[in-house]
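Residue numbers (the working numbering), protein chains in the order written: chain H, 1 to 117; chain C, 118 to 453.
Accompanying notes for the structure given below.
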Ligand SMILES: Nc1ncnc2c1ncn2[C@@H]1O[C@H](COP(=O)(O)OP(=O)(O)O)[C@@H](O)[C@H]1O
Ligand SMILES: [Mg+2]
């Protein structure tokens, strides 16, 4: 995925997904399920490494009752989503959101390795 | 002597047991009151200090305090009002670096007043609590947590643009306590050295960073290269044999000067780690023997050479940090 995504200028929270508008005027939708499923936190990420745990993560997320998250900017590089149920730990870099908008694997096919330092 | 029935003013029996709290109850009440006051002043701190940045590292000796003081001074050079809270009980060496060696705690009317170091940076350090800094102090869990919380709550910082917090290395309890008691921490800066990169790969640490709910502002790579200078005939070729038998070629300029930066360790480790884990890379700081000297005579390199290479490197890191925390909503994004 390109390391420099275009600038996200508008994020509209709808019932089940969000409508993203980029600088260029291009619009994309990303479902809340996809956002939650691709949570980059240390607890969710490793679950996507293996097929079995990955499917079970997906099922768990789809079983949650639908809700609109609170969306908060983190610095200038990311967004955080706060949910009443499920995991709210992930900090989503704009690159990640751009990948999701383009239906690309935000993990870039790489298995998750633990650690920030 | 028989007691006169009129001597009602015996201080020892003043008030009956069931009307006055026992000394123990009294003490508990006082403690609860002090705690309440602290909580309130923590909230006050939250409002009076615009930005709070934690500085952390996986282990000691990587330059956490050098980076904390450097960031504070670099911010102060830009005209910000800055404070440093040094709660690294494993080796609180911020005062030394800020020219405040040997200071003791200054308390006035129950409030702790920070000492002022270079460029007016306000400093509070656990070292101010030590009787003799050469005597290692064993801090027990409850004492250290109590001391840290008291420090945070009782310090009269005044208005600050930035508070830099120098944490103990590793992932102990203290950061948790502090992060929980200090509202709205902007984020953490992680200091690594190029050979320290393996430490970045620790499950414990990232889970920890998440349990703190404090975003990672980014990674600073410290001691990342050593610049040597020299001169010779102008416009001529110079070959230097660096560490690991690697040779470096350069040419002297018109005046015959040259400079070459050698990788003492493996350079670029911090950068690739940051990329791999999806956190911003904030910049690299050169190996500068002057930091050590500065650390000893209490003149920080940034103060003695404000235009020097290290000061410039710090200034770049500060810019990246300000970019991360700056207008936090990201100017253009509308969320509805
Ligand atoms: N970039 C650097 N160049 C040279 N020496 C450094 C550098 N950074 C730190 N040091 C030295 O390394 C030692 C440990 O640094 P310090 O900041 O006290 O580490 P920490 O706080 O992580 O324990 C000190 O003597 C310091 O002067
Ligand atoms: Mg230190």
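Every residue gets a Cβ at the ideal spot worked out from N, C-alpha and C, and that includes glycine.
As the structure is a computational prediction, the values presented were derived from the model and not from experiment.
- As the crow flies, the alpha-carbon of residue 357 (chain C) is around 47 Å from that of residue 104 (chain H).
- Counting only the Cα atoms, residue 41 (chain H) lies some 20 Å from residue 63 (chain H).
- Annotation: residue 301 (chain C) is outside any alpha helix (DSSP H) and is labelled neither H nor E by DSSP.
- Taking residue 436 (chain C) as reference, the option from C:217, C:194 and C:362 with the minimal CA-CA separation is C:194.
- In the three-state reduction of the DSSP assignment, residue 25 (chain H) falls in the coil class, being assigned neither a helical nor a strand state.
- Between residue 204 (chain C) and chain H, the shortest Cβ-Cβ separation is not below 8 Å.
- At the C-beta level, residue 173 (chain C) and residue 305 (chain C) come within 8 Å of one another.
- Assignment of residue 236 (chain C) by DSSP, reduced to helix, strand and coil, places it in the helix class.
- For residue 35 (chain H), the nearest beta carbon of chain C is not closer than 8 Å to its own beta carbon.
- Rounded to the nearest angstrom, the gap between the Cα atoms of residue 348 (chain C) and residue 72 (chain H) is 54 Å.
- Measuring C-alpha to C-alpha distances from residue 20 (chain H) to each of H:101, H:106 and H:108 identifies H:101 as the nearest.
- Within chain C, the C-beta atoms nearer than 9 Å to that of residue 71 (chain H) come from 452, in chain order.
- Taking 8 Å as the CB threshold, residue 10 (chain H) lines the interface with chain C.
- Look at residue 145 (chain C) here: in three-state DSSP terms it is helix.
- The Cβ atoms of residue 282 (chain C) and residue 169 (chain C) lie closer than 8 Å to each other.
- Around the CB of residue 204 (chain C), 16 or more other CB atoms lie within 10 Å, so the residue is classed as buried.
- The criterion of a C-beta distance shorter than 8 Å is not satisfied by residue 166 (chain C) and residue 334 (chain C).
- The C-beta distance from residue 29 (chain H) to residue 15 (chain H) rounds to 12 Å, too long to meet the 8 Å contact threshold.
- Looking at the DSSP output, residue 365 (chain C) bridges to C:357.
- Rounded to whole angstroms, the separation of the alpha carbons of residue 81 (chain H) and residue 12 (chain H) is 13 Å.
- Within its own chain, the residues whose Cβ lies closer than 8 Å to the Cβ of residue 43 (chain H), once the five positions on either side in sequence are excluded, are 87 and 89, listed in chain order.
- By the Cβ neighbour-count rule, residue 149 (chain C) is exposed, with fewer than 16 other Cβ atoms within 10 Å of its own.
- For the pair residue 57 (chain H) and residue 47 (chain H), the Cα-to-Cα distance works out to about 7 Å.
- Sequence-distant Cβ neighbours of residue 197 (chain C) in its own chain, meaning closer than 7 Å and more than five residues away, are 278 and 279.
- Distance between residue 265 (chain C) and residue 308 (chain C), taken at the CA atoms: about 22 Å.
- Under the 8 Å criterion on CB atoms, residue 332 (chain C) is classed as interfacial with respect to chain H.
- Not a single CB atom of chain H sits nearer than 8 Å to the CB of residue 270 (chain C).
- Beta bridge pairing from DSSP links residue 162 (chain C) with no other residue.
- For residue 208 (chain C), not one C-beta of chain H is nearer than 8 Å to its own C-beta.
- In this structure, the beta-carbon distance from residue 343 (chain C) to residue 286 (chain C) does not fall below 8 Å.
- As far as DSSP is concerned, residue 427 (chain C) takes part in no beta bridge.
- At a cut-off of 8 Å between beta-carbon atoms, residue 13 (chain H) makes contact with chain C.
- Non-local beta-carbon contacts of residue 301 (chain C) in its own chain, meaning distances under 6 Å to residues more than five positions away in sequence, involve 163 in chain order.
- Between residue 93 (chain H) and residue 38 (chain H), the CB-CB gap reaches or exceeds 8 Å.
- The Cβ atoms of residue 430 (chain C) and residue 400 (chain C) sit closer than 8 Å to each other.
- Counting along the chain, the unbroken beta strand (DSSP E) around residue 377 (chain C) starts and ends at 374–379.
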